[in-house]
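Chains as they are written, first to last, in our numbering: chain W, -9 to 357; chain H, -9 to 357.
Glycine is no exception: its CB is placed at the ideal position from the N, C-alpha and C atoms.
Number of protein chains: 2
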Amino acid sequence: MPKSFDTISTPAVLLEQAIIENNIMRMKKLAARYRVSLRVHVKTHKIPELAHRQIRAGAVGIAVAKVGEAEIFARTGIHDIQIANLVVGEDKLRRVARLTSRCRISLAVDSTEHLKTIASVLGRKSGRLQLLAEVNSGLNRGGVDSYKELEKIFKTAASMKGINLAGLMTHAGHAYGATSKEERSHIGTMEGAMLVNYAERLRRSGYDIRIISVGSTPTANYCAAVKGVTELRVGNYIFNDMTQVALGVAPIDDCALTLMATVISVPSRDRVVIDAGSKALSLDKGAHGRNFVEGFGYIVGTGDRLSRLSEEHGIIDRPKGQYRIGDRLRIIPNHACAVMNLFDYAYLVSKRRVIEKVKIAARGRSD
Amino acid sequence: MPKSFDTISTPAVLLEQAIIENNIMRMKKLAARYRVSLRVHVKTHKIPELAHRQIRAGAVGIAVAKVGEAEIFARTGIHDIQIANLVVGEDKLRRVARLTSRCRISLAVDSTEHLKTIASVLGRKSGRLQLLAEVNSGLNRGGVDSYKELEKIFKTAASMKGINLAGLMTHAGHAYGATSKEERSHIGTMEGAMLVNYAERLRRSGYDIRIISVGSTPTANYCAAVKGVTELRVGNYIFNDMTQVALGVAPIDDCALTLMATVISVPSRDRVVIDAGSKALSLDKGAHGRNFVEGFGYIVGTGDRLSRLSEEHGIIDRPKGQYRIGDRLRIIPNHACAVMNLFDYAYLVSKRRVIEKVKIAARGRSD
């Protein structure tokens, strides 16, 4: 393992240990303040060692987006995994069934049709799964759109033997389109309030709602504060990125992930070329395909932004800073989760010292 | 290995064998017609088996963008590798030096400073490398901007012992911004003509220019036709994608790569959700960060386009086609090269039969 930055081949992902620790502690305190369980979404880092660190710091379990991710993390002894997504297909549901022998697994469901598929594939085994009804709180992706549909799912589940429908979940990802702190606060509060309201109505109809799981890094402060919410689900906060900076969620100093790149050409005063492009930084300019972040990455030190990316080239047009061929830059990417998914390894660092080279074990496990 | 589509976990990359063969043969014929060497850029597929197939079909060698890619392909017995990029840094140049013991390696150089770095790191070993001066033909990325600078590089190289500066190269990637076939034709012709003109002037000054290497899938027809060009370098043509379709370079039927995905939710008539997002399809809407392709992927059969992508969700807003939960779709992505870099394996298929599961061995080798 390279001991110093200068011998790491670029582009490379560097994770600043001290910032990660601070970010973990800050979210732990937030969850503790509102007495909600903290569930960490590991699609951000895809590294089991970091998940275990988050659990040691008080998280009750993890969330993943995919069965493939769940398989990787389950193997490392994590006992509580929420697949915060709609798992469809016989092949996938059989894989989920196998996972239930190792750990507690919860899944989202958003229609009676989906519920019936789960029951038909898993049969009696489905009782070992915990299901959560997914509610659309404004992102307009999956999730039920009305209380009427939601109640229909609970009614259908109650009529099925062995189905364990334990509560509600949502992800208010439309907060990534908020243009002010007020709007973010409103979305976060509504995210919690909508689910708590639905839960109360369901309880009055006789259903046992034990879990109300909400969250996103931009809304965490607000949805966790809603009385009745039981679980806060957050991922990006462990690193932060220029999307969180642009939203006003985190200052630049709280961004733990930087991409190290090398200047490979300075053809003129107007242009600097580095050895990292879209295959290292991704073309994300904000979550959920939104395009509100300026440029494609922030150069630490000079404050320049990458203007353009080819696959393996990044270009700074009209740079403010001074650059020479061979300079090694640290870049805060727009979207940390997307960058982690492009690399097999990351370097855990402390300032300019390399502490550990860690495998991004669940990288690419979109399956 | 799954024998049928129905047991492959989605999202998955499918490569249609017959289309690949047609695409390879078409480009082989184009190069033969103009009597230029064909060098295949393997950053598109990152699969050694496909590179060997292209070489058996007449390619003289491969191009890669990165040292990491070169290392993977060299190991499989490919003897002629052009790293069509500026390699900077002692660590990288030492890795290149090690590669020269296995195969012929050529590298780009675009400044006297860069040339001196190469010579200082590699010393006498540098003679085993073939260098090509990179010319900026309008992409405005790396490359020298004037004949004067170019001649300076040749003059400096001539004064250095053991430096083998053998010719010129360029990539007219700005053709990806062309809005008509005429513009593409003009860019392609200029790309070839500019280098041939520079080569003639350099020859008159006594320099031995053996190689003039040009190319891109959108300009191949035009730059290969320029008299004096010796080498056509192309990558994407083996698969094609919605970027080539949008440019008018290839019809949809010539697109060999499809992403198979599953419908996971149909919350309303207005919205369909699939299990593939930016971590499977990328957010590319055209090469070099250009944004001219509509949506984020084309659904084969229905003609719908993906309207939005989260990391693991794709959304079709206001679909024309009919979709049900569990349907498996085939999607032509906007940028095939970006998709290959997100997966570890691809399935070589013939209609609905799986022929082979192949490892995308150089995936993620941006280092």
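Is residue i close to the ligand COA? I mean its beta-carbon at under 7 Å from any heavy atom of the ligand.
{"i": "H/L271", "result": "This structure lacks the ligand COA, and indeed carries no ligand of any kind."}
So, for residue i: in the same chain, excluding its five sequence neighbours on each side, which residues have a beta-carbon less than 8 Å away from its beta-carbon?
{"i": "H/A210", "result": "M17, L20, G178, L222, V224, Y227"}
{"i": "W/G128", "result": "A162, H164, I177, M180, E181"}
{"i": "W/D243", "result": "I9"}
So what's residue i in DSSP terms, helix, strand or just coil?
{"i": "W/M184", "result": "helix"}
{"i": "H/Y212", "result": "helix"}
{"i": "H/I37", "result": "coil"}
{"i": "W/K310", "result": "coil"}
{"i": "W/L129", "result": "coil"}
{"i": "W/N13", "result": "helix"}
{"i": "W/H391", "result": "The shown model of chain W, from -9 to 357, leaves out residue 391 of chain W, and the question about it has no answer."}
{"i": "W/D70", "result": "strand"}
{"i": "W/R342", "result": "coil"}
{"i": "W/K275", "result": "strand"}
{"i": "W/M232", "result": "helix"}
{"i": "W/L5", "result": "strand"}
{"i": "W/Y24", "result": "coil"}
{"i": "W/I305", "result": "strand"}
{"i": "W/H325", "result": "coil"}
{"i": "W/G157", "result": "strand"}
{"i": "W/E221", "result": "strand"}
{"i": "W/L237", "result": "helix"}
{"i": "H/E284", "result": "coil"}
{"i": "H/A64", "result": "helix"}
Within a Cβ cutoff of 7 Å, which residues of the same chain sit near residue i, ignoring the five residues on either side of it in sequence?
{"i": "W/A64", "result": "I71, L89, R92, C93"}
{"i": "H/S206", "result": "H161, A162, G163, A165, V224"}
{"i": "W/D294", "result": "I306, P309, K310, G311"}
{"i": "W/Y364", "result": "Here chain W comprises residues numbered -9 to 357, so residue 364 of chain W is not present and cannot be evaluated."}
{"i": "W/Q7", "result": "L338, V339, S340, I345"}
{"i": "H/L299", "result": "G267, S268, L271, L273, F286"}
Report yes or no: is there a C-beta of chain W within less than 8 Å of the C-beta of residue i?
{"i": "H/L299", "result": "yes"}
{"i": "H/V78", "result": "yes"}
{"i": "H/A351", "result": "no"}
{"i": "H/H104", "result": "yes"}
{"i": "H/A55", "result": "yes"}
{"i": "H/R174", "result": "no"}
{"i": "H/P257", "result": "yes"}
{"i": "H/T(-3)", "result": "yes"}
{"i": "H/N75", "result": "yes"}
Compare the C-beta of residue i against all C-beta atoms of chain H and say whether one is closer than 8 Å.
{"i": "W/I254", "result": "yes"}
{"i": "W/N126", "result": "yes"}
{"i": "W/D100", "result": "yes"}
{"i": "W/R25", "result": "no"}
{"i": "W/F63", "result": "no"}
{"i": "W/S110", "result": "no"}
{"i": "W/F333", "result": "yes"}
{"i": "W/G113", "result": "no"}
{"i": "W/T207", "result": "no"}
{"i": "W/E302", "result": "yes"}
{"i": "W/N130", "result": "yes"}
{"i": "W/T90", "result": "no"}
Here's a check: name, in chain order, each residue in its chain whose Cβ is nearer than 6 Å to the Cβ of residue i, leaving out the five neighbours to either side.
{"i": "H/R43", "result": "none"}
{"i": "W/A215", "result": "Y24"}
{"i": "H/G53", "result": "Checking the sequence shown, residue 53 of chain H turns out to be Ala, not Gly. Closer than 6 Å at Cβ, skipping near neighbours: R29, H31, Q72, A74, R223."}
{"i": "H/A351", "result": "P38, I62"}
{"i": "H/D274", "result": "N324, H325, A328"}
{"i": "W/A240", "result": "N230, Q234"}
{"i": "W/M184", "result": "S127"}
Run through chain B and tell me which residues come within less than 8 Å of residue i, C-beta to C-beta.
{"i": "H/T107", "result": "Of the protein chains in the structure, W and H, none is chain B."}
Would you call the segment 65 to 76 of chain H in contact with the segment 86 to 100 of chain H, where contact means no fewer than 3 C-beta pairs closer than 8 Å?
yes
Please identify, using Cβ separations under 7 Å, the residues of the segment 150 to 171 of chain H that lie next to chain W, in order along the chain.
Answer set for the segment 150 to 171 of chain H: G163.
Taking only beta carbons into account, state which residues of the segment 304 to 330 of chain W come closer than 9 Å to chain H, listed in chain order.
I305, D307, R314, I315, G316, R318, H325, C327, A328
Taking 8 Å as the threshold, find out whether the segment 257 to 266 of chain W comes into contact with the segment -4 to 5 of chain W through three or more Cβ pairs.
Counting Cβ pairs under 8 Å, three or more are found: they touch.
Can you pull out the residues from the segment 276 to 296 of chain H whose beta carbon lies closer than 8 Å to at least one beta carbon of chain W?
So the list reads A277, H278, G279, F286, given in the order they occur along the chain.
For the segment 330 to 345 of chain W and the segment 274 to 283 of chain W, state whether three or more C-beta atom pairs, one from each stretch, are separated by less than 8 Å.
no
Evaluate the contact criterion for the segment 294 to 313 of chain W versus the segment 338 to 347 of chain W: three or more CB pairs, one atom per stretch, below 8 Å.
Touching, no, given that fewer than three Cβ pairs across the two stretches are closer than 8 Å.
Beta carbons nearer than 9 Å to chain H: which residues of the segment 261 to 274 of chain W have them?
R261, V263, D265, A266, G267, S268, K269, A270, S272, L273, D274
Beta carbons nearer than 9 Å to chain H: which residues of the segment 1 to 34 of chain W have them?
P1, A2, K33
Note down, in chain order, all residues in the segment 229 to 255 of chain H with a beta-carbon under 9 Å from any beta-carbon belonging to chain W.
T252, V253, I254, S255
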